[in-house]
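S.K.: Before we start, here is the structure in question, set down as structure tokens.
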Amino acid sequence: MKNYLKHDEWCIIEEGFHREYNEISESVFSLGNGRMGQRANFEETFTGKTLQGNYVAGVYYPDKTRVGWWKNGYPEYFAKVLNAANWIGLKIEIDEEELDLNTCEVSDFVRVLNMKEGYLERSFVATLPSGKQVKVNAKRINSIVDDEAGAIRYAITPLNFEGKLHVTAFVDGDIKNKDANYDDKFWDEVAKETAFAEGYLHMKTKKTGFHVVTAQRIKVYQDGIVRDFQSLPEKREKYVANKFTLDIKQDIETAIVKFACNLSSENYATETLMTEAKSYLAKIATKGFDKMVTEQAEKWGERWKMNDIVIEGDVAAQQGIRFNIFQLNQTYSGEDARLNIGPKGFTGEKYGGSTYWDTEAYCLPFYMATSSEQVARNLLVYRWKQLDRAIENAGKLGFNQGAALYPMVTMNGEECHNEWEITFEEIHRNGAIAFAIYNYINYTGDEAYLGEFGLDVLVGIARFWAQRFNWSEYRKKYVMLGVTGPNEYENNVNNNWYTSYIATWCLKYTIEAANKVKASNPARYEEITQNLNLKEVEEFEKFQAIIDHVYLPESEELGVFLQQDGFLDKELIQVKDLAPADRPINQKWSWDRILRSCFIKQADVLQGMYFFEDDFTIEQLRRNYDFYEPMTVHESSLSPCVHAILAAKLGDKARSYEFYQRSARLDLDDYNNDTEDGCHITSMAGTWMSVVEGFGGMRVKEGKVTLRPFLPENWQSFAFKIIFRGHILTVTTSSEEVTIENTAEEAITIVLYGEELSIEANASISAAIVAV
Ligand code: BGC
1 MKNYLKHDEW CIIEEGFHRE YNEISESVFS LGNGRMGQRA NFEETFTGKT LQGNYVAGVY
61 YPDKTRVGWW KNGYPEYFAK VLNAANWIGL KIEIDEEELD LNTCEVSDFV RVLNMKEGYL
121 ERSFVATLPS GKQVKVNAKR INSIVDDEAG AIRYAITPLN FEGKLHVTAF VDGDIKNKDA
181 NYDDKFWDEV AKETAFAEGY LHMKTKKTGF HVVTAQRIKV YQDGIVRDFQ SLPEKREKYV
241 ANKFTLDIKQ DIETAIVKFA CNLSSENYAT ETLMTEAKSY LAKIATKGFD KMVTEQAEKW
301 GERWKMNDIV IEGDVAAQQG IRFNIFQLNQ TYSGEDARLN IGPKGFTGEK YGGSTYWDTE
361 AYCLPFYMAT SSEQVARNLL VYRWKQLDRA IENAGKLGFN QGAALYPMVT MNGEECHNEW
421 EITFEEIHRN GAIAFAIYNY INYTGDEAYL GEFGLDVLVG IARFWAQRFN WSEYRKKYVM
481 LGVTGPNEYE NNVNNNWYTS YIATWCLKYT IEAANKVKAS NPARYEEITQ NLNLKEVEEF
541 EKFQAIIDHV YLPESEELGV FLQQDGFLDK ELIQVKDLAP ADRPINQKWS WDRILRSCFI
601 KQADVLQGMY FFEDDFTIEQ LRRNYDFYEP MTVHESSLSP CVHAILAAKL GDKARSYEFY
661 QRSARLDLDD YNNDTEDGCH ITSMAGTWMS VVEGFGGMRV KEGKVTLRPF LPENWQSFAF
721 KIIFRGHILT VTTSSEEVTI ENTAEEAITI VLYGEELSIE ANASISAAIV AV
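Residues 1 to 772 in our numbering are what the sequence shown spells out, letter by letter.
Below, the structure is given as structure tokens:
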């Protein structure tokens with residue numbers, strides 16, 4: 001755990017240059033706008049530890065799979081998001097010396113990520129080996145208004161000399177992914193152009209053929225006034241630059257403004273990319289840096305109005321939740337149904353920028369409640385578009401007749417994961433995709449979704465489960481063998497309770513959904529059954545037989561569901577009895593020891609009890625929670641949030657808060673020692689859930705928002721907003737009372753602590769807190 005970032009309500013602040021943590025800071029201070037993202041690399045040269053990272057949404061490369069022992073069914077390629085051309089580069093030379101924060105003396109260093117207005121700012125004083133001192137202030141944005149653009153204002157002031165400033169402003173496309181399997185480079189150059197103070201680099205990905213033009217345009221100001229300058233273009237393989245030299249005087253500021261854009265063939269016809277880039281740059285340069293920054297602040301202001309969570313009385317918690325919300329907004333804007341949310345967003349390469357079950361299980365609730373309905377719908381449609389691939393994917397594993405297995409990890413619908421125990425066995429992901437359809441319709445009331453897209457996906461998933469269960473003559477039950485549950489510290493187990501439970505639920509929900517579509521839109525139903533070649537009677541009979549005779553392991557004696565067959569044979573010890581030196585077990589223990597132990601990586605049985613809470617009594621939840629949580633090491637970032645919600649439900653405020661903190665400040669405090677690889681974006685949505693579903697107790701039941709808020713001990717109050725079927729509800733909880741404001745032209749009925757209450761249009765109600 002680190003503690004070098006200052007607590008502040010709206011900003012992330014690093015005071016003093018922590019060179020040793022630079023890669024962590026590069027992740028934490030990242031900027032993104034849903035279309036492109038950039039780690040907080042320095043503009044000027046830095047020869048210390050760094051991971052240069054610039055990512056363009058939707059642009060990926062199928063790297064050839066690397067495994068020790070090939071197994072049939074593995075994907076041959078492993079699509080990963082590409083580290084793309086570096087657009088921020090500014091080589092700064094002062095007389096004969098290059099500015100490099102790794103080699104010069106640095107003082108007064110401050111790095112600020114301003115989340116309220118969406119910019120990154122850095123200032124410092126550098127003393128070069130010659131003794132010359134310069135003050136630098138660098139500010140940059142990844143615009144959320146012009147979302148293919150970024151802009152930098154890099155200001156440099158000599159403090160004790162006058163001399164020559166040589167600037168090389170460049171775009172460098174000679175970039176390699178750190179996670180490349182064979183050290184290959186994935187980009188080829190197509191074309192490049194330079195003009196006075198402009199540079200254009202047209203690159204193309206190997207194999208996938210995505211084209212991206214990254215371009216720059218430079219302006220210079222001295223002492224606040226636009227300055228004419230002579231620029232010398234420079235070109236080499238995969239690189240364009242504009243070089244210029246300026247006279248600089250003591251205490252006079254020289255500011256280099258760099259406008260840049262990344263346009264991809266995903267959004268423009270390839271042959272027009274160069275001309276589009278020219279007009280794009282002309283547009284933003286005319287707008288100017290200051291206006292871009294003002295517009296950015298305004299647009300972030302609008303976003304915060306919709307999805308801020310305000311916590312009074314705990315600055316660390318306030319900063320934590322805002323950081324999570326900020327990063328989620330930087331990663332996915334929901335405007336483009338081809339895009340999704342990688343576990344690290346645009347902040348690093350780990351997990352290849354691909355889509356995991358994290359999206360459906362963790363991210364959907366956040367986007368559903370804080371953005372327009374279309375945003376959540378787009379996340380679902382993304383999977384619908386990949387249904388054919390999921391059917392192909394199941395086919396490769398021997399399933400047939402339209403059975404669909406969605407990939408564990410994907411970029412374009414194909415499986416991109418190749419560890420057999422996960423690729424072939426961690427099949428519960430299919431369940432989360434079906435559950436998200438239910439969750440979306442339950443929240444939005446958009447029943448039409450089933451007929452439009454939902455049923456197709458549900459039938460594919462249900463068919464897979466129907467084939468994946470097998471009848472056990474011995475048990476006279478349907479069993480599911482050889483699976484990995486959400487707890488990846490168990491592999492190839494039989495009858496993982498969570499997987500079998502969610503699979504059975506999928507079968508039930510598919511029948512229910514089919515009946516709904518049939519009743520509401522018989523013609524569409526007919527069309528779907530024909531398209532899917534659905535033999536309703538026969539197939540649904542099979543589904544029903546499994547539902548009626550599924551084997552779900554449990555111990556009557558302990559009153560708990562069993563994570564899998566044989567779980568009770570393990571030595572049941574608790575995490576609190578583990579020596580600190582043994583943790584995290586995934587770094588300290590052999591895999592074999594982990595597999596044999598009872599220790600649980602993340603919610604497994606409890607994940608099921610969270611999704612399907614109405615199926616269980618509070619007593620059942622308590623027994624299972626008390627049994628499993630003490631054996632849970634929470635070594636997945638997705639773990640604490642589910643436990644925060646369940647602890648809140650069980651009335652354990654202190655534990656709930658503890659889990660919240662762990663999730664909210666995971667990256668800011670580098671809790672798991674891995675933030676240098678990128679931030680845990682998908683678990684950030686879980687942090688939001690901890691506040692809204694945990695402390696706020698928010699659920700949607702029978703079309704109504706239900707709430708059961710409580711105030712964590714050390715807070716004075718907290719307030720969150722949700723968008724619900726055309727209403728914006730603001731829920732503010734203090735130690736005494738809860739106030740719910742309805743900003744809509746229509747009244748709404750909500751359920752507070754079990755009691756139905758009506759809130760008039762544009763009005764609010766208050767009620768006393770009820771102890772949970
Ligand atoms: C977790 C998975 C998750 C993945 C990506 C793993 O550590 O166990 O549940 O999907 O990370 O976030």
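Every residue gets a Cβ at the ideal spot worked out from N, C-alpha and C, and that includes glycine.
What I want to know is whether the C-beta of LYS773 ends up closer than 8 Å to one or more non-hydrogen atoms of the ligand BGC.
M.R.: Shown here, the chain extends from 1 to 772; a query on residue 773 therefore has no answer.
S.K.: Can you give the Cα-Cα distance for ASN672 and MET1, rounded to whole angstroms?
M.R.: If you take the alpha carbons of ASN672 and MET1, they lie about 7 Å apart.
S.K.: In the DSSP assignment, what residue or residues form a beta bridge with ARG236?
M.R.: Beta-bridge pairing links ARG236 to TYR239.
S.K.: Classify LYS258 as buried or exposed, calling it buried when 16 or more other Cβ atoms lie within 10 Å of its own Cβ.
M.R.: Buried is the call here.
S.K.: Considering only DSSP beta bridges, list what SER555 is partnered with.
M.R.: Beta-bridge pairing links SER555 to VAL560.
S.K.: Which residue wins for smallest C-alpha separation from ARG217, given the options ARG227, LEU232, GLU198 and LEU263?
M.R.: Among ARG227, LEU232, GLU198 and LEU263, the Cα nearest to that of ARG217 is on GLU198.
S.K.: CA-CA distance, ALA763 and ILE325?
M.R.: Taking the straight line joining both Cα atoms gives about 27 Å.
S.K.: Excluding the 5 residues flanking LEU113 on each side, which residues of the same chain have their C-beta closer than 6 Å to its C-beta?
M.R.: The residues are ILE12, PHE29 and LEU120.
S.K.: The alpha helix (DSSP H) with LYS542 in it runs from where to where?
M.R.: 536-548 is the span of the alpha helix (DSSP H), which, as asked, contains LYS542.
S.K.: If we ignore side chains and look at the alpha-carbon of each, how far apart do PRO709 and ALA719 end up?
M.R.: Each residue's Cα considered, the two are about 10 Å apart.
S.K.: Which of helix, strand or coil does DSSP assign to SER354?
M.R.: SER354 falls in the coil class under three-state DSSP.
S.K.: What's the call for TRP70, buried or exposed, on a 16-neighbour Cβ count within 10 Å?
M.R.: Classification for TRP70: exposed.
S.K.: Counting only runs of 4+ residues fully inside the segment 269-322, write out the alpha helix (DSSP H) ranges in chain order.
M.R.: Listed in chain order, they are 273-287 and 289-307.
S.K.: Taking the Cβ atom as the reference point for each residue, do ALA434 and LEU458 lie within a distance shorter than 9 Å?
M.R.: Yes, the Cβ-Cβ distance between ALA434 and LEU458 is below 9 Å.
S.K.: Please name the residue in LEU246, TYR239 and GLU760 whose C-alpha comes closest to that of LYS164.
M.R.: Nearest option by C-alpha distance: LEU246.
S.K.: Would you say PRO407 touches the ligand BGC, meaning its beta carbon is less than 8 Å from a heavy atom?
M.R.: Checking the Cβ of PRO407 against the ligand BGC gives no.
S.K.: State buried or exposed for LYS283, treating a residue as buried only when at least 16 other CB atoms are found within 10 Å of its CB.
M.R.: Exposed: under 16 other Cβ atoms inside 10 Å.
S.K.: Enumerate in chain order the residues of its own chain whose CB-to-CB distance from ALA215 is below 6 Å, with the five nearest sequence positions on each side excluded.
M.R.: Correct list, in chain order: TYR200, CYS261, ALA277 and LEU281.
S.K.: Quick one, which of GLY58, TRP505, GLU44 and GLU539 has its alpha-carbon nearest THR410's?
M.R.: The shortest C-alpha separation from THR410 is found at GLY58.
S.K.: Return helix, strand or coil for LEU379, following the three-state DSSP convention.
M.R.: In this structure, LEU379 counts as helix in the three-state DSSP scheme.
S.K.: Could I get the ranges of all uninterrupted alpha helix (DSSP H) runs contained in the segment 569-629, with 4 residues as the minimum, in chain order?
M.R.: The qualifying runs are 585-588, 591-596, 605-611 and 618-628.
S.K.: Alpha carbon to alpha carbon, what distance is there between HIS549 and ASN487?
M.R.: One C-alpha to the other measures close to 25 Å.
S.K.: Any Cβ of chain B within less than 9 Å of the Cβ of HIS727?
M.R.: The structure shown contains no chain B, having only a single protein chain.
S.K.: So what's GLU755 in DSSP terms, helix, strand or just coil?
M.R.: GLU755 falls in the strand class under three-state DSSP.
S.K.: Quick one, are the C-beta atoms of ILE585 and MET631 less than 9 Å apart?
M.R.: Contact: no.
S.K.: With a 10 Å radius around its C-beta and 16 neighbouring C-beta atoms as the bar for buried, classify GLU23 as buried or exposed.
M.R.: Its Cβ being crowded by 16 or more others within 10 Å, GLU23 is buried.
S.K.: Between THR682 and the ligand BGC, is the CB less than 8 Å from at least one heavy atom?
M.R.: Because some heavy atom of the ligand BGC lies under 8 Å away, the Cβ of THR682 counts as near it: yes.
S.K.: Taking buried to mean at least 16 other C-beta atoms within 10 Å of its own C-beta, is GLN607 buried or exposed?
M.R.: With 16 or more other Cβ atoms within 10 Å, it is buried.
S.K.: Round the Cβ separation of LYS344 and GLY686 to the nearest angstrom and send it over; I've been treating them as touching at under 8 Å.
M.R.: That pair is no contact at about 15 Å.
S.K.: Under the rule that 16 or more other beta-carbon atoms within 10 Å means buried, what is GLU349, buried or exposed?
M.R.: Its Cβ being crowded by 16 or more others within 10 Å, GLU349 is buried.
S.K.: Flag this pair as yes or no: are the beta carbons of TYR625 and TYR509 separated by less than 9 Å?
M.R.: No. Outside cutoff.
S.K.: Roughly how far, in whole angstroms, is the beta-carbon of PHE464 from the beta-carbon of ALA394, given that I think they are within contact range, below 8 Å?
M.R.: Between ALA394 and PHE464 the Cβ distance is about 6 Å, and since that is below 8 Å, they are a contact.
S.K.: Ordered along the chain, which non-local residues of its own chain (more than five positions away) have a Cβ less than 7 Å from that of GLU26?
M.R.: Result list for GLU26: ARG39, ALA40, ASN41, THR50 and LEU51, in chain order.
S.K.: In chain order, what residues of the same chain have a beta carbon less than 7 Å from the beta carbon of ARG429, not counting five sequence neighbours either side?
M.R.: Excluding positions up to five away in sequence, the list reads TRP357, TYR406 and MET408.
S.K.: Say the cut is 8 Å; is the CB of ASP797 nearer than that to a heavy atom of the ligand BGC?
M.R.: Residue 797 lies beyond the stretch modelled for the chain, which goes from 1 to 772, so this question has no answer here.
S.K.: For the alpha helix (DSSP H) containing SER25, list its first residue and its last residue.
M.R.: Per DSSP, SER25 belongs to the alpha helix (DSSP H) from 22-28.
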